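Protein sequence lines, in the order shown, are assigned to chains L and Y.
So for the first sequence, our numbering puts the first residue at -6; every next one is plus one.
So for the second sequence, our numbering puts the first residue at 322; every next one is plus one.
One structure below.
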Amino acid sequence: AQKVTQAQTEISVVEKEDVTLDCVYETRDTTYYLFWYKQPPSGELVFLIRRNSFDEQNEISGRYSWNFQKSTSSFNFTITASQVVDSAVYFCALRGNNNDMRFGAGTRLTVKP
Amino acid sequence: EAGVTQFPSHSVIEKGQTVTLRCDPISGHDNLYWYRRVMGKEIKFLLHFVKESKQDESGMPNNRFLAERTGGTYSTLKVQPAELEDSGVYFCASSPWTGGGVYGYTFGSGTRLTVV
């Protein structure tokens, strides 16, 4: 069975702080894909990143970075120098061989000015 | 290209009534998915269409939910009769056909359903 756990329900930080959102997954598939989505107050789900199980290189995109650790089944997401516009619910997701995506419960991030 | 379109964006209905949600995927996307998020919980898979065929409907909660995708284009999700626990945000997503799960999905903005 596939499962994604986002243990942090809510996080609140002050602008310019760094913040890390945790994601731990379970799967028996040898090939799988991990995703992060952002849901801003407007409601849509915005794709942020996809990482396949064979590529453990960390990735940085501007203030965003992702740390994929296969040994601990984690795919954590760090926002550096957070901004108020980063306030949203962030979802981690896993897609395995059966072509359907499983989501975590989401982490609500609030960045205060 | 146009994104995934869902309507209505909001719907408030009384318990026992019927509601139909619609999703227009990105043109040419064979895969269409329905997901639901109830308050504060994870986004849960409902079902997956490949073109007009139901590939996986293991997430459909019960027989009050009926999904269709006639002609392999848009899809509808009907809830009849609606119950209070059906309240939540219903997301639709689409993706191109791939055998390897390479693509992330493109999601619509969701339909917020409130059953009172």
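All C-beta atoms, glycine included, are put in the ideal place defined by N, C-alpha and C.
All values derive from a computational prediction rather than experimental measurement.
Using beta-carbon distances, Y:F428 counts as an interface residue toward chain L, with a partner under 9 Å. Between Y:F412 and Y:R357, the C-beta gap is smaller than 9 Å, which places the two residues in contact. Within the DSSP bridge table, the entry for Y:F386 names Y:V400 as partners. At the C-beta level, Y:Y354 and Y:F328 stay beyond 9 Å of one another. Fewer than three Cβ pairs drawn from the region 333 to 351 of chain Y and the region 25 to 35 of chain L lie within less than 8 Å of each other, which leaves the two stretches out of contact. Here the alpha carbon of Y:T427 sits roughly 6 Å from the alpha carbon of Y:S415.
For Y:I364, the residues of chain L that pass the 7 Å Cβ criterion are F84 and F96, in the order they occur in the chain. Shown here, Y:D377 sits in a strand according to DSSP, grouped into three states. Taking 9 Å as the CB threshold, Y:D377 lines the interface with chain L. Residue burial is scored here from C-beta neighbours: Y:N352 has at least 16 other C-beta atoms within 10 angstroms and is therefore classed as buried. For L:T65, the CB contacts under 8 Å within the same chain, skipping 5 residues up- and downstream, are V17 in chain order. Exclusion of the five residues before and after L:S58 leaves T71 as the residues of its chain whose Cβ lies within less than 6 Å of its Cβ.
Chain order gives the chain L residues near Y:G431 as G36, E37 and L38, where near means a beta carbon separation below 8 Å.
Contact annotation for Y:H350 against chain L: no contact, minimum CB-CB distance about 13 Å [criterion: below 8 Å]. Between the alpha carbons of L:K9 and Y:H350 lies a distance of about 40 Å. In the DSSP assignment, Y:C413 falls within the unbroken beta strand (DSSP E) covering G409 to S416. By the Cβ-count criterion, Y:I364 is buried, with 16 or more other Cβ atoms from all chains shown falling within 10 Å of its own Cβ. The beta carbon of L:N45 lies closer than 7 Å to those of Y26 in the same chain, with the five residues before and after it left out. In this structure, DSSP gives Y:E406 a helical state, which the three-state scheme calls helix. Residue pairing by DSSP places L:A86 opposite L:F28 and L:F96 in a beta bridge. Beyond the five residues adjoining it in sequence on each side, Y:P346 comes within less than 6 Å, by CB distance, of V325, L353 and S415 in the same chain, given in chain order. For Y:Y426, no beta strand (DSSP E) run applies, since DSSP gives it neither H nor E.
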